[in-house]
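Colleague: Below is a structure I'd like to ask you about.
Number of protein chains: 2
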Amino acid sequence: MRGSTTSSEKKDEPDRRERRRLAMLNAARELFVERGYDAVSLSEIVKRSGGSLATLYELFENKAGLLGAIVANKRFGTHEQIDALIARGGVPAEMLKGVAEILIENFSEPETVGMIRVVMGETLRDPGFAEAIFKASHVPSVERIAELFADWNASGRAVIPDPMLAVHLFFGLTVHRAQNRAIFGELADATQPPPERLVAEATALFTSFYKIEGAETT
Amino acid sequence: MRGSTTSSEKKDEPDRRERRRLAMLNAARELFVERGYDAVSLSEIVKRSGGSLATLYELFENKAGLLGAIVANKRFGTHEQIDALIARGGVPAEMLKGVAEILIENFSEPETVGMIRVVMGETLRDPGFAEAIFKASHVPSVERIAELFADWNASGRAVIPDPMLAVHLFFGLTVHRAQNRAIFGELADATQPPPERLVAEATALFTSFYKIEGAETT
DNA sequence: CGCGTAGTGTAGCCTACATTACACAAAATT
DNA sequence: AATTTTGTGTAATGTAGGCTACACTACGCG
Chain A
1 MRGSTTSSEK
11 KDEPDRRERR
21 RLAMLNAARE
31 LFVERGYDAV
41 SLSEIVKRSG
51 GSLATLYELF
61 ENKAGLLGAI
71 VANKRFGTHE
81 QIDALIARGG
91 VPAEMLKGVA
101 EILIENFSEP
111 ETVGMIRVVM
121 GETLRDPGFA
131 EAIFKASHVP
141 SVERIAELFA
151 DWNASGRAVI
161 PDPMLAVHLF
171 FGLTVHRAQN
181 RAIFGELADA
191 TQPPPERLVA
201 EATALFTSFY
211 KIEGAETT
Chain B
1 MRGSTTSSEK
11 KDEPDRRERR
21 RLAMLNAARE
31 LFVERGYDAV
41 SLSEIVKRSG
51 GSLATLYELF
61 ENKAGLLGAI
71 VANKRFGTHE
81 QIDALIARGG
91 VPAEMLKGVA
101 EILIENFSEP
111 ETVGMIRVVM
121 GETLRDPGFA
131 EAIFKASHVP
141 SVERIAELFA
151 DWNASGRAVI
161 PDPMLAVHLF
171 FGLTVHRAQN
181 RAIFGELADA
191 TQPPPERLVA
201 EATALFTSFY
211 KIEGAETT
């Protein structure tokens with residue numbers, strides 16, 4: 001089994017308890033993403049993480065608590081990447097392309113797709129849970145991009161009268177692919193374009209329509 | 001098993017058996033959409049539909065079979081509406097607006113949103129099921145619109161070098177709203193535009209970028 | 001040491017279904 | 001009406017899995 005032999009790691013111990021906690025969190029996240037929340041039993045999680053059922057209950061109240069902890073623990077890096085991109089600055093058209101790349105890349109990860117499935121499954125049972133994820137993941141990104149658009153508009157580097165509307169559309173263009181995948185699985189790809197083409201066409205559409213500065217000569 | 005239908009029924013009775021079947025199908029569909037496939041028990045379904053558990057098993061093999069029957073029975077009218085629209089003809093820009101309206105309208109129905117949830121929940125467990133829905137609902141619509149775009153392109157009424165790509169983008173613009181709703185629930189609407197604005201902006205974007213004939217003067 | 005706290009492994013309780021069995025009632029058929 | 005066919009109500013049956021209890025172990029600290 002998991003021969004813990006003589007645990008010689010007494011020095012750099014980042015707290016015994018915390019390590020167990022993270023192991024369980026990771027195992028649970030992996031399994032939930034792979035097979036769905038309902039389909040995974042707590043015993044399975046413990047089997048993968050090591051430790052015991054009792055400890056799991058000690059650390060997280062119950063199954064729902066475990067899911068909550070996963071979310072609380074998870075880093076939704078997208079808006080941070082967007083922040084970094086904005087901080088780096090540049091020509092609007094290029095920044096837009098950068099945003100598209102970030103969105104499509106992040107949403108292409110199987111983990112993200114799996115997470116979408118989990119959230120969707122729980123939305124009916126616990127709207128509060130959906131809200132937490134919504135505010136932690138979706139809203140921050142939307143806000144960043146909306147501000148960016150508003151800035152461009154204010155400074156005359158683009159013509160975007162309704163930034164929120166534009167952001168919604170831009171999300172539609174880029175994120176729809178991953179959402180289809182979450183719904184239908186891999187077979188959805190049969191009708192879907194590869195990421196690079198998506199990035200190119202979506203930015204072309206936007207720069208053209210919203211007169212975003214920096215577009216190559218038509 | 002099903003006796004030969006030699007017996008001529010009395011009145012307009014659409015077959016006793018068939019009526020029970022439909023009642024069960026409807027009850028099941030409603031409940032699945034409202035609360036999710038897993039969360040609904042067969043007894044509940046019977047309670048709503050009338051009839052008995054035994055009959056349910058007689059008609060549909062088991063719970064999965066019931067779900068399958070719902071799908072087989074369901075009319076995915078979207079592509080038919082699109083066909084009708086195409087048959088009606090018209091200026092490309094106006095037809096595009098019509099397509100947008102059809103898509104957004106269909107995907108705004110709570111039933112569609114619920115169905116998306118159900119499909120997504122089952123995709124992991126049974127990819128074949130996802131495939132069936134995919135081919136019955138999504139693919140036909142995509143194909144219709146792609147042909148339409150290709151026609152416009154061929155006849156010089158638009159410039160759409162890659163119709164499939166364009167269709168994907170158009171779906172993204174229009175359908176993303178419903179998909180967000182499926183994932184996050186109603187609270188997603190906080191960041192989402194109303195349907196009319198979506199229709200207007202999406203068609204404006206497309207007619208402008210793809211030079212679709214019939215756009216109002218810029 | 002030797003005690004106490006935390007962690008482990010496991011067995012079992014308990015509930016919620018899916019699925020089946022069966023005894024009965026209502027039609028349909030003759 | 002008698003018989004056959006079909007549908008109904010309800011009560012098993014079996015199983016999965018969340019959750020709890022508990023006896024046991026490892027280890028830190030005096």
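The listed protein sequences correspond, in order, to chains A and B. Note that the first sequence covers residues 1 to 218 in UniProt numbering. Note that the second sequence covers residues 1 to 218 in UniProt numbering. For glycine and all other residues, C-beta sits at the position ideal for the given N, C-alpha and C.
Using CA coordinates, which residue listed in L148/A, A190/A, M164/A, V142/A is at the minimum distance from R88/A?
Modeller: It is L148/A whose Cα lies nearest to the Cα of R88/A.
Colleague: Give a yes or no on contact between the stretch 179-192 of chain B and the stretch 111-125 of chain A, applying the rule of three or more CB pairs nearer than 8 Å.
Modeller: A contact exists between the stretch 179-192 of chain B and the stretch 111-125 of chain A.
Colleague: Using a Cβ distance threshold of 8 Å, determine whether the stretch 63-79 of chain A contacts the stretch 91-108 of chain A, with at least three qualifying pairs required.
Modeller: Verdict: yes, contact present.
Colleague: Taking DSSP as the reference, what is the three-state secondary structure of S52/A?
Modeller: S52/A: coil per DSSP, three-state reduction.
Colleague: Please confirm if V119/B has its CB atom under 8 Å from at least one CB of chain A.
Modeller: Output row for V119/B: interface = yes.
Colleague: Pop quiz: A166/B and E213/B are said to be a contact at Cβ under 8 Å. What is the actual Cβ separation, rounded to whole angstroms?
Modeller: Between E213/B and A166/B the Cβ distance is about 15 Å, and since that is not below 8 Å, they are no contact.
Colleague: Determine contact between the stretch 48-60 of chain A and the stretch 91-101 of chain A, defined as no fewer than three beta-carbon pairs at a distance below 8 Å.
Modeller: Counting Cβ pairs under 8 Å, fewer than three are found: no touch.
Colleague: Whole alpha helix (DSSP H) runs in the stretch 86-142 of chain A with 4 or more residues, listed along the chain?
Modeller: Segments of the alpha helix (DSSP H) lying fully in the stretch 86-142 of chain A: 92-108, 110-123, 127-133.
Colleague: Suppose only complete runs of 4+ residues qualify. What are the alpha helix (DSSP H) ranges in the stretch 144-200 of chain B, listed by chain order?
Modeller: Runs found: 163-184.
Colleague: So R75/B is in the alpha helix (DSSP H); what residue range does that whole segment cover?
Modeller: No alpha helix (DSSP H) holds R75/B; DSSP gives it neither H nor E.
Colleague: Is E18/A helix, strand or coil by DSSP?
Modeller: Helix.
Colleague: Just to confirm my understanding: we take S43/A, look at its own chain, exclude 5 residues before and 5 after, and list those with CB closer than 7 Å. What are they?
Modeller: Answer for S43/A: L53, listed in chain order.
Colleague: Run through chain B and tell me which residues come within less than 9 Å of P92/A, C-beta to C-beta.
Modeller: Going along chain B, no residue has its Cβ under 9 Å from P92/A, so there is no contact; the nearest lies around 17 Å.
Colleague: Is there contact here, the stretch 131-150 of chain A with the stretch 184-198 of chain B, by at least three beta-carbon pairs under 8 Å?
Modeller: Yes, the stretch 131-150 of chain A touches the stretch 184-198 of chain B.
Colleague: Could you tell me the distance, in whole angstroms, from the CA atom of R144/B to the CA atom of K211/B?
Modeller: Using only the alpha carbons, I get a separation of about 20 Å.
Colleague: So for G65/A, helix, strand or coil by DSSP?
Modeller: In this structure, G65/A counts as helix in the three-state DSSP scheme.
Colleague: Just verifying my parser: in three-state terms, what is the DSSP assignment at I212/B?
Modeller: Here I212/B sits in coil by DSSP.
Colleague: Can you tell me whether V40/A is helix, strand or coil according to DSSP?
Modeller: Here V40/A sits in coil by DSSP.
Colleague: Using beta-carbon positions only, say whether A146/A and P163/A come within less than 8 Å of one another.
Modeller: Yes, the pair counts as a contact, with Cβ atoms nearer than the cut-off.
Colleague: Any Cβ of chain A within less than 8 Å of the Cβ of S108/B?
Modeller: Not an interface residue.
Colleague: Tell me whether F60/B sits in a helix, a strand or coil according to DSSP, three-state version.
Modeller: Reduced to three states, the DSSP call for F60/B is coil.
Colleague: Inspect the beta-carbon positions of Q192/B and H138/A and report whether they are closer than 8 Å.
Modeller: No. Outside cutoff.
Colleague: To be precise: take each residue of the stretch 127-144 of chain B, compare its Cβ to all Cβ atoms of chain A, and keep it if any distance is under 8 Å. Which residues remain?
Modeller: Answer in chain order: P127, A130, E131, I133, F134, H138, V139, V142.
Colleague: Short of 9 Å Cβ to Cβ, which residues in the stretch 167-182 of chain B face chain A?
Modeller: Of all residues in the stretch 167-182 of chain B, V167, H168, L169, F171, G172, L173, T174, V175, H176, R177, Q179, N180, A182 have a Cβ within less than 9 Å of some Cβ in chain A.
Colleague: Since A64/B and I45/B should fall inside the 8 Å C-beta cutoff, what is the C-beta to C-beta distance between them, to a whole number of angstroms?
Modeller: Actually they are not in contact, since the Cβ atoms of A64/B and I45/B sit about 13 Å apart, beyond 8 Å.
Colleague: Within 10 angstroms of its Cβ, does R177/B collect 16 or more other Cβ (buried), or is it exposed?
Modeller: By the neighbour-count rule (16 or more Cβ atoms within 10 Å), R177/B is buried.
Colleague: Give the interface partners of Q192/A over in chain B, defined as CB-CB distance under 7 Å, in chain order.
Modeller: Neighbours of Q192/A on chain B, chain order: H168.
Colleague: Residues of chain A with CB closer than 7 Å to the CB of G65/B, please, in chain order.
Modeller: Correct list: empty, because the minimum Cβ distance to chain A is about 19 Å.
Colleague: Taking the straight line between their C-alpha atoms, what separation do you get for T218/B and V175/B?
Modeller: With a pLDDT of 49 at T218/B, under the threshold of 50, the predicted position of this residue should be treated as unreliable, and no value is reported.
Colleague: What is the C-beta distance between V71/A and L85/A, in whole angstroms, given that I count them as a contact (C-beta under 8 Å)?
Modeller: The pair is not a contact, with the Cβ atoms about 25 Å apart (cut-off 8 Å).
Colleague: Counting only beta-carbon atoms, is D38/A nearer than 8 Å to chain B?
Modeller: Answer yes: the Cβ-Cβ gap between D38/A and chain B drops below 8 Å somewhere.
Colleague: Here's a check: name, in chain order, each residue in its chain whose Cβ is nearer than 7 Å to the Cβ of S208/A, leaving out the five neighbours to either side.
Modeller: Contacts found: A215.
Colleague: Output the distance between the C-alpha atoms of K97/B and E201/B, rounded to the nearest integer angstrom.
Modeller: Taking the straight line from one Cα to the other gives about 10 Å.
Colleague: For A39/B and R125/A, which I take to be in contact (beta-carbon distance under 8 Å), what is that distance rounded to the nearest angstrom?
Modeller: The Cβ separation is near 7 Å, so the contact holds.
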